[in-house]
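Chemist:
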Amino acid sequence: MKPLTKKIILISLAGFIFLTLFSLWYWQYLISGLPSLEELENPKPELATKVYSIDGEVIDQFFIKNRTHIPLHQIPQALVQGLVATEDKNFYNHWGLDVVRIFKAMVKNVIRFGISEGASTITQQLARNLYLSREISITRKLREALTAIQIEKTYTKDEILEMYLNVAYFGRSGYGVSAASLVFFNKKVQDLSVEECAILIALLKGPAYYDPYNHPERIFDRRNIVLNEMREEGVVPDSTIDSLKAIELIVRSFDDIPPAGIAPHFVENIRQQLSEKAKQYGFDIYRDGLSIYTTVDSRMQKAANRSVEEHLTEYQAKFNQSWNWNKQRDILIKALDRSAKESEEYRKAPKTEKKNILRKLKSHKQFVDSIKKLNQTIEVGFVALDAQSGEIRAMVGGVNFKTFKYGLNHVTQIKRQPGSIFKPFVYTVAIDNGYPPSYEVENQPVTVDNPDGTRWTPQNFDGLFGGLTTLREGVKWSINLVAIRTIMELAPVNQVIDYAHRMGINEELPPYPSLALGTGEVQPLEMTAAFNVFANEGIYAEPYSILKIVDKDGNVLEENKPKLREVLSKQTAYILTTMMEDAVNGGTGTRVRNFFHRPCAGKTGTTQEYADAWYMGFTPQITVGVWVGFDNKGVHFVSGDGQGGRAAAPVFGRFAQYVYEDKTLALPLAYFQQPEGVVRKEICIE
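Below is the structure:
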């Protein structure tokens, strides 16, 4: 035998042995993660994770199997057959895997350059829901396939369908068809109509994306696609398909839906944090029975909910009377165009049909009305912090807090121009630079040279100006020209930016004099934490919401404490507090006093064209941030009702009133303490 031939044979043999050993090892690794026969025959119920408030109330739970089991024979055939027609046409013929479908999906993914085309059967989805994690890996997919095959060997097709329909998630805490029927239609599953069955099937593709309350146009399109699939498979006769597709989308009224909990946006924020920690600690928040102890106070949360609801119910009605879509056609056209292009019908249509679909949707009254309502809804972001620790005591992330658990959180997930609530940072620098609140600057027009060569001449809100004005009066009445003069003459802009960052603002801020009037964008939670520095005597307390994570056996997995750092002197923090007390007692924030009469301080903020209204208010114990505005930045208040003192300050006033009147909280009467080194003098100005 030639040496080269011998070498090739040896290499081939070694490679064969290696591949054999690796295959054996990987096979053992693969099957080690599969459910046992006992687990397949007796699936163990998952334990719900409970979320506790700081006062010991269970405010929500995370779970998979919070449902009522219902036998297959009580589920409408339209739902059962429609599920098969839409999700797994070959369900009754395959043995857990649909090889043809997998091959077709692979071809489509190659053609689309990696865009994922699903090929999971109903049995595979059941395997994933019951036994496996949701990690994205080849090993998990292989285990899913093997588990699906074992399920097919263990159960009949009808048993598989029954299990699937009792564990599937339909959105809004609707696990299983029984719960989903109540959530969306307030009906027993046996009483569902054909088009309602189609809606539930449609939701399986993406409960949040197709949420009928947030995206009615999406679920309408998806429902009709499901109805078409049902017609093609003979579930729905051709004679009724057009009438079924023409039925308007009707789901249970918001007012009838069981509450999403008292703090849905706070809880969703907790869930997101836990999802990030799951890899670190190796837990499953939906199955492992954790106890999550949080910082929210259920009594303060209820006060926040009440304050927001009372104020914005009145304010929304007033805005609806003033806003006229006929005068805002450009904004409406853009909103309709954007929403129409997000619809599944438009996205899946060939290019030749897209214009026709746009035209059809824009002329559909239900679609147009839903977009109008969505875009003119006044939104809110409210957060209350414990002044000493930074613990989040209450959070309202949106106006529909009663039912809308997974909507945009306007406390943590938006960034908006702060307007005049940024001015205290400018005056803080001026005070630290040695200028007392009684120092006077000119309340006179000034022209600023911009970096691009243009010139900017800011004005006061009322268009008026005056003579020499103290810094204290500048805060009290939120005088733009005084703030501009201060940042140009007493508080250099780069120093102001440095102070803002030290106090908790993490966003990049524009290094121009216009910063004094609140250009740039900030997150409401960050701004509230920055204002808390004044309430906390110069100490920055990082906001946090999880006190402790405990597993089902009582082991503490994580425990958090306040993170504090000194960023201002007590003296400077106190001086700014007294300046903002004046704003409450006789300046732009006086509407707070319609509700609350204990010591407090705060600052109003309003951006151009009344797009954003802000209020930052605090007592010695609590700091509150309120933002009021619209998700569509083109929509805005059309009068002085959009001022921070009117649109946002009353929310703080109501909240403070309710919290301090609550005898179970028993918050004592407290005053801002004047530190050593601060001298109070009365100055008469003629």
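Using the working numbering, the letters of the sequence shown correspond one by one to residues -10 to 675.
For every residue, glycine included, the Cβ atom is placed at its ideal position computed from N, Cα and C.
(1) With 8 Å set as the bound, which would you pick, yes or no: does the beta-carbon of E526 sit closer than that to a beta-carbon of chain D?
(2) Going by other Cβ atoms of all chains shown within 10 Å of its Cβ, with 16 needed for buried, is T75 buried or exposed?
(3) Measuring CA to CA, which of L8, G4, T38 and F5 is closest to D542?
(4) Closer than 8 Å is the cut-off here; do at least three beta carbon pairs connect the segment 593 to 607 with the segment 616 to 623?
(5) Quick check for students: name the residue ranges of the alpha helix (DSSP H) that lie wholly in the segment 501 to 574, counting only runs of 4 or more.
(6) Which first and last residues belong to the alpha helix (DSSP H) in which D286 is found?
(7) Quick one: what's got a C-beta closer than 6 Å to P447's C-beta in the same chain, skipping five residues either side?
(8) Answer yes if the segment 399 to 413 comes into contact with the segment 423 to 437, meaning at least three C-beta pairs across the two stretches below 8 Å, and no otherwise.
(9) In terms of alpha-carbon separation, which member of G633, Q66 and T475 lies closest to E184?
(10) F607 by DSSP, collapsed to three states: which one?
(11) Run the CB neighbour count on F356, radius 10 Å, all protein chains shown included, and call it buried at 16 or more, exposed below.
(12) Select from W466, Y563 and Q406 the residue whose C-alpha is nearest the C-alpha of L504.
(13) Relative to the C-alpha of P500, which residue among I486, K142 and G507 is closest?
(14) Go through its chain and collect everything with a Cβ distance to C186's Cβ below 7 Å, but skip five positions before and after it.
(15) I need the DSSP call for Q317, collapsed to helix, strand or coil.
(16) State the start and end residues of the unbroken beta strand (DSSP E) segment that holds Q377.
(17) Would you mind reading off the limits of the alpha helix (DSSP H) that contains E265?
(18) Tell me whether G370 sits in a helix, a strand or coil according to DSSP, three-state version.
(19) Given L654, which residues of its chain have a CB within under 7 Å of its CB, disregarding the five upstream and five downstream residues?
(20) In terms of residues, what are the limits of the beta strand (DSSP E) holding A191?
(21) List the whole-angstrom C-beta distance separating A293 from A235, where the pair is believed to meet the contact cut-off of C-beta under 8 Å.
(22) Which value, in whole angstroms, describes the spacing of the CA atoms of P34 and S467?
(23) On the DSSP letters alone, give me the boundaries of the beta strand (DSSP E) that Y41 sits inside.
(24) Please classify T143: is it buried, with 16 or more other beta-carbons within 10 angstroms of its beta-carbon, or exposed?
(25) Which residues share a DSSP beta bridge with M384?
(26) Could you work out which residue in K670, I535 and Q632 is closest to D286 when comparing CA atoms only?
(27) Less than 7 Å between the CB of I528 and some heavy atom of the ligand ATP, yes or no?
(28) At what residues does the alpha helix (DSSP H) containing I149 begin and finish?
(29) Could you compute how far the alpha carbon of L557 sits from the alpha carbon of V482?
(30) Can you check which of these residues, I230, H204 and Y202, is closest to I214 by C-alpha distance?
(31) So which of Y533, K559, L565 and V545 has the shortest CA-CA distance to P551?
(32) Does DSSP put L457 in a helix, in a strand, or in coil?
(33) Return the Cβ separation of I420 and T302 in integer angstroms, given the expectation that the two are a contact with Cβ distance under 8 Å.
(34) Taking V415 as part of the alpha helix (DSSP H), name the residues at either end of that continuous run.
(35) CB-CB under 6 Å to V418, same chain, minus the five flanking residues each way: which ones, in chain order?
(36) Quick check on D227: does DSSP put it in helix, strand or coil?
Modeler: In this structure, then:
(1) As a matter of chain content, chain D is missing from the structure shown, which is built from one protein chain.
(2) Walking along the sequence shown from the start, residue 75 turns up at place 86. So T75 counts as buried.
(3) As a working mapping, residue 542 is identified with position 553 in the sequence shown. If we check each option's Cα against that of D542, T38 comes out closest.
(4) yes
(5) 513 to 524
(6) Counting from one through the sequence shown, the residue named residue 286 turns up at place 297. Here D286 belongs to no alpha helix (DSSP H), and DSSP marks it neither H nor E.
(7) Mapped onto the sequence shown, residue 447 falls at position 458. So the qualifying residues of the chain are N469 and I473.
(8) no
(9) Taking the first residue of the sequence shown as position 1, residue 184 is located at position 195. Closest by alpha carbon: Q66.
(10) As a first step, residue 607 is located in the sequence shown; it is residue number 618 there, counting from the start. In this structure, F607 counts as strand in the three-state DSSP scheme.
(11) Translated into the one-based positions of the sequence shown, residue 356 becomes position 367. Classification of F356: buried, given that the 10 Å Cβ count is 16 or more.
(12) Within the sequence shown, residue 504 is the residue found at index 515, counting from 1. Nearest of W466, Y563 and Q406 to L504, Cα basis: Q406.
(13) Here residue 500 is taken as the residue at index 511 of the sequence shown, counted from 1. Nearest C-alpha to P500: I486.
(14) As a first step, residue 186 is located in the sequence shown; it is residue number 197 there, counting from the start. The answer, listed in chain order, is P65, A67, L68 and G71.
(15) Along the sequence shown, one-based indexing puts residue 317 at 328. Correct three-state label for Q317: coil.
(16) The count along the sequence shown starts at 1 and reaches residue 377 at position 388. Here Q377 belongs to no beta strand (DSSP E), and DSSP marks it neither H nor E.
(17) Position 276 of the sequence shown holds residue 265. Per DSSP, E265 belongs to the alpha helix (DSSP H) from P253 to Y270.
(18) Here residue 370 is taken as the residue at index 381 of the sequence shown, counted from 1. Strand at G370.
(19) Counted from its first residue, the sequence shown places residue 654 at position 665. These residues qualify, in order along the chain: R288 and V648.
(20) Counting from one through the sequence shown, the residue named residue 191 turns up at place 202. First-last for A191: V183 to L192, but that is the alpha helix (DSSP H), not the beta strand (DSSP E).
(21) For this step, residue 293 is matched to residue 304 along the sequence shown. For this step, residue 235 is matched to residue 246 along the sequence shown. Not a contact, Cβ separation roughly 43 Å.
(22) Counted from its first residue, the sequence shown places residue 34 at position 45. Counted from its first residue, the sequence shown places residue 467 at position 478. For P34, the predicted structure reports a pLDDT of 45, less than 50, and the residue's modelled location is therefore unreliable. A value from the coordinates is still provided. Whole-angstrom Cα-Cα distance: 59 Å.
(23) As a position in the sequence shown, residue 41 is number 52, starting the count at 1. Run containing Y41: T38 to Y41, per the beta strand (DSSP E) assignment.
(24) Numbered from 1 along the sequence shown, position 154 holds the residue referred to as residue 143. So T143 counts as exposed.
(25) The count along the sequence shown starts at 1 and reaches residue 384 at position 395. DSSP output for M384 lists V372 as bridge partner(s).
(26) Against the sequence shown, residue 286 aligns to sequence position 297. Nearest of K670, I535 and Q632 to D286, Cα basis: I535.
(27) Although the ligand ATP was asked about, the structure shown includes no ligands whatsoever.
(28) Looking up residue 149 in the sequence shown gives position 160. K146 to V156 is the extent of the alpha helix (DSSP H) around I149.
(29) In the sequence shown, counting from the first residue as 1, residue 557 sits at position 568. In the sequence shown, counting from the first residue as 1, residue 482 sits at position 493. Spanning the two alpha carbons is a distance of roughly 18 Å.
(30) For the purposes of this step, residue 214 is taken as the residue at position 225 of the sequence shown. Among I230, H204 and Y202, the Cα nearest to that of I214 belongs to I230.
(31) Stepping through the sequence shown from its first residue, residue 551 is reached at position 562. Cα-wise, what sits closest to P551 is Y533.
(32) Here residue 457 refers to the residue found at position 468 when the sequence shown is read from its first residue. Strand, per DSSP.
(33) Taking the first residue of the sequence shown as 1, we reach residue 420 at position 431. Taking the first residue of the sequence shown as 1, we reach residue 302 at position 313. Their Cβ separation, rounded to whole angstroms, is 40 Å, which puts I420 and T302 out of contact at 8 Å.
(34) As a working mapping, residue 415 is identified with position 426 in the sequence shown. K412 to D421 is the span of the alpha helix (DSSP H), which, as asked, contains V415.
(35) Taking the first residue of the sequence shown as position 1, residue 418 is located at position 429. Cβ neighbours of V418 beyond the five flanking positions: A480, Q484, V485 and Y488.
(36) Looking up residue 227 in the sequence shown gives position 238. The answer is helix: DSSP assigns D227 an H, G or I state.
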